[in-house]
Amino acid sequence: MKTFLETIRAIVTFLLVQTGLFRLSNVANDELIPRAQLFSNPERSEAKLSHDGRYIAFFAPNDRGVQNIWMQQTNATMEPIQLTFDNGRGILDYHWTYKPNVLVFTQDNDGDENFMLYKLDVSDRRKLQPEAISAQPGVQTVVLAFSNQQMNKLIIGANDENPTYHSIYEFDLTTNQKQRIFTNSRFDVEDMLFDNDLNLRVAGEATDNGGKAYYRPSDSANRRSLTSSTSDWTLYTTVAAEDYEITKPILFSFDNSQIYWIWGPGSDLGRLVVHPFGRPSENRYIYSPQKTEISLSTMFIHPRDKTVLAVLEAYHKQEIKILNDTVRADFDYLQGMKTDGIPLVSDTSEDFMTWLVEYNSDQYPLEYWLYDRRQRTLRFLFSKQPQLKGKSVARMHGVTVTARDGLLIPCFLSIPPTAVVSGQDETDFTPNQPQKLILFVHGGPTSRDEYAFNTDVIWLTNRNYAVMQCNYRGSTGYGKRHVNAGNGEWGGKMHQDLLDAADWAVNKGIADPQQMAIMGGSYGGYASLVGLTFTPDKFSCGVDIFGPSNLITLLETIPPYWAGFKKRFTTMIGTNIDTEAGRQFLRSRSPLFFASQVKRPILILQGGNDPRVNKNESDQFVKALQGNRIPVTYIVYPNEGHGFQRPENTLSYTGFTEKFLADCLKGRYEPYRVGMYNSSAIVVADGAI
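Rendered as structure tokens:
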């Protein structure tokens, strides 16, 4: 029952809203959205169109909630059928090959990232039997290339001979024969580019100064049996350390004579260029971005011509930039047919007549639509999370914070949908009273937050917290000055950016300075530990999700197949572990050595098989806290890695988290008890809940 004051406050708020002096941040109600609706595996996700345009595959949960691959016809005459039948951790990734009716998919063992690769022929639905392409214990296998000019072939990399480097194999999808074409002991698998005939044409090698050198096979090399010998390779171009993140080869022209790059030298954001293979001095500039780097994952490429048709920039919201007028009318139609979302083309058929379109919005779950280019019709397929359609959810407001040294920090601010705001339009979203705030820090740090229907944000704002997400210095997407400003600034200026963002929210009347928490995963977990150790009075509590606590041991335990990236990583962190001065610097930026300064409760969540941030990173920090009698709750999920894949574990860790935040900030929460989801959670310490 409401108290007298609560009743009066509700009446006054109602009258102010009715008279237009205040408005709700959204058309809202106070429904508590269940965790099961937010964090169970999506009803359908990661949809992909077969190259012949006949089928759409997607992830969907089986009757146990485990993520598997399903398929339906594009003409909608067939009910979806289940293609894989995993009851464990689920399928991690999959691809349609160019061989009709054949796809490949990957799995690992409880998050160890030793990916196993399987082939599945779906032409006979009565015989859906996966065949192992590479499933050796302790070996990581990755798909590197497939081509419409070599339909029966697949290029894969596997670190089966050398744990540090992936050798390259050509796999025949018809005969199931595998042939090694490159014995690699030198190049990072992520910096290789194959042409349309599936020949390895470019390979990158990290340099000691934090840059990169790209090579091409020498004229005398046997391209069907390459080695890492210097005689097999000729220098193509070198990339300075400052251009590392914005210089990359991306594809070959149809006839393999031209190569497209994102080219960093002479540009802050990188430019799309093309030049005759082997002659980078003859670059022809196709597009120079204006606001942010070009998004490689969403670049729109013609499936046959191999020309770049459109690109995406995303300072806050995604903006489509048309580079070829032949598709301008198509995008005008797609945007005109559905004005409340951003149309992103994720796949096209080989004949370019069928497009799979994703509509992105912060107000409804991702939607998949099928566009018939010949008939110019658009048909709804399915929603990623239909159970959340129509829910009252927070908006992601794009804001820019000026850091104390003048650097501009792009951020997203989300206000609880039930909050009353004083502004008269969508550009003024200051609430009538300061809100509890969660500073939600993205991982990487070479990553970024993006405008989307983000279930973490929906969840936290539904629990009555404002959420601040910032692309602090060191984040990618905003140019080399922005990303390189993070070099050597872990626990330094990168942390100051987060503090400046929190202070901005306080000064704007958005956040209550006495009710702020910091939370994140991976680097975001590290940032949470930094927040509670280096600035122990700033936050009321923190949540660390598999974040490193000691930069020395982090570098010592990097996976062997990250050897090339390790050189770049030391540039990002600021030093290496080979000198005493370097180790002392790393100690000065490692929360472990400042654990005694923690004053506020902390929740730590960790995967037992994490190959990137070893479980010891959390173990040692918890031990240090306990040695100083500081309250900490520590939960380990032994069958997870660097991220929680199993739905029961995701529901569990979010249950722990919202109960912890409710204890700390007094927000809303759905009741949770240990064991309610049959997760693998082991409560190692429970002093903070």
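All residue numbers for the sequence shown refer to my numbering, where the first residue is 101 and numbers rise by one. From the three backbone atoms N, C-alpha and C, an ideal C-beta is built for every residue, glycine too.
### C-alpha distance - F480 paired with T338, whole-angstrom precision
Rounded to whole angstroms, the gap between the alpha carbons of F480 and T338 is 47 Å.
### Task
Measure the C-alpha to C-alpha separation of N71 and Y194 and round it to an integer number of angstroms.
The structure shown does not extend to residue 71, since the chain is modelled only from 101 to 789, so the question has no answer here.
### Message
Taking DSSP's pairing of strands, which residues face L372 in a bridge?
### Response
I362, Y387
### Message
Does P711 come out as helix, strand or coil in the three-state DSSP assignment?
### Response
coil
### Query
Taking all protein chains shown into account, do 16 or more other C-beta atoms lie within 10 angstroms of the C-beta of E656, making it buried, or fewer, making it exposed?
exposed
#### Entry: Endpoints, the alpha helix (DSSP H) within which R581 is located
Where R581 is concerned, the enclosing alpha helix (DSSP H) stretches over 580 to 584.
### Task
Tell me, to the nearest whole angstrom, how far the beta carbon of P510 is from that of N571; I am working on the premise that it is less than 8 Å.
5 Å
### Task
Figure out for me which residue from G674, Q697, S696 has the closest Cα to the Cα of D686.
Per the sequence shown, the amino acid found at residue 686 is Leu instead of Asp. Closest option to L686, Cα to Cα, is G674.
### Query
Between which two residues does the beta strand (DSSP E) containing S446 stretch?
Where S446 is concerned, the enclosing beta strand (DSSP E) stretches over 442 to 448.
### Query
Looking only at its own chain, which residues have a Cβ that is under 8 Å from the Cβ of K199, when we skip the five neighbours before and after it?
M251, N252, L273, T274
### Task
Report the three-state DSSP secondary structure of T103 (helix, strand or coil).
Because T103 carries a pLDDT of 45, less than 50, the predicted location of this residue cannot be relied on, and the following value inherits that uncertainty. Under the three-state reduction of DSSP output, T103 falls in the coil class, being neither helix nor strand.
### Query
How would you label K489, buried or exposed, when you count the other beta carbons within 10 angstroms and need 16 or more for buried?
exposed
### Query
Can you tell which of D152, G190, H151 has the C-alpha that lies nearest to the C-alpha of W170?
Measuring from the Cα of W170, the nearest candidate turns out to be G190.
### Query
Exposed or buried, which one is G370 when buried takes at least 16 other CB atoms within 10 Å?
buried
### Query
Can you list, in chain order, the stretches of the beta strand (DSSP E) that have 3 or more residues and sit fully within the stretch 669 to 738?
702 to 707, 732 to 737
### Task
Quick one: grab the DSSP three-state call for L228.
In the three-state scheme derived from DSSP, where H, G and I count as helix and E and B as strand, L228 is classed as coil.
### Task
List the endpoints of the continuous beta strand (DSSP E) containing H497.
497 to 502
### Query
Apart from the five residues on each side of it in sequence, which residues of its chain come closer than 7 Å, Cβ to Cβ, to Q167?
N141, F159, P161, G190, I191
### Query
Using a Cβ-Cβ cut-off of 7 Å (strictly less than) and excluding sequence neighbours within five positions of F639, which residues of its own chain qualify?
M616, A617, I618, G631, L632, R700
### Query
For S483, does the three-state DSSP call read helix, strand or coil?
strand
### Query
Hey, T347 and Y578 are a contact pair by Cβ (cut 8 Å); roughly how many whole angstroms apart?
At roughly 16 Å, the Cβ-Cβ gap does not stay under 8 Å, so T347 and Y578 are not in contact.
### Query
With distances taken from CA atoms, which of S780, Y769, P771, M672 is nearest N709?
S780
### Message
If you measure between the beta carbons of T671 and G310, is that distance less than 9 Å?
### Response
yes
### Query
Does the Cβ-Cβ distance between H859 and S514 come in under 9 Å?
Outside the displayed range of the chain (101 to 789) lies residue 859, so it cannot be described from this structure.
### Task
Please list, in chain order, all residues of the same chain as V722 whose beta carbon is under 8 Å from its beta carbon, the five residues on each side excluded.
I704, V732, Y734, V784, A785, listed in sequence order.
### Task
Go ahead and pull the three-state DSSP assignment for D597.
In the three-state scheme derived from DSSP, where H, G and I count as helix and E and B as strand, D597 is classed as helix.
### Task
Would you give the residue range spanned by the alpha helix (DSSP H) that F185 belongs to?
No alpha helix (DSSP H) contains F185, which DSSP labels as neither H nor E.
### Task
Decide if Y777 is buried, meaning its Cβ has at least 16 other Cβ atoms within 10 Å, or exposed.
buried
### Message
Tell me the residue span of the beta strand (DSSP E) that contains W333.
### Response
333 to 339
### For N607, three-class secondary structure by DSSP
Three-state result, N607: helix.
### Message
Can you tell me whether K421 is helix, strand or coil according to DSSP?
### Response
strand
### Task
Check the C-beta distance from F529 over to Y464 and give it rounded, since I have them as a contact under 8 Å.
Actually they are not in contact, since the Cβ atoms of F529 and Y464 sit about 19 Å apart, beyond 8 Å.
### Query
Mind checking whether K182 and Y155 have CB atoms under 9 Å apart?
Lys is not the amino acid found at residue 182; the sequence shown has Gln there. Not a contact, by the Cβ cut-off of 9 Å.
### Task
Can you say whether Y772 is buried or exposed, counting buried as having 16 or more other CB atoms within 10 angstroms of its CB?
buried
### Query
From L761 to I538, what distance separates their C-alpha atoms?
Rounded to whole angstroms, L761 to I538 spans 9 Å at the Cα level.
### Query
Excluding sequence positions up to five away, which residues of its chain have a Cβ less than 6 Å from the Cβ of K438?
Y459
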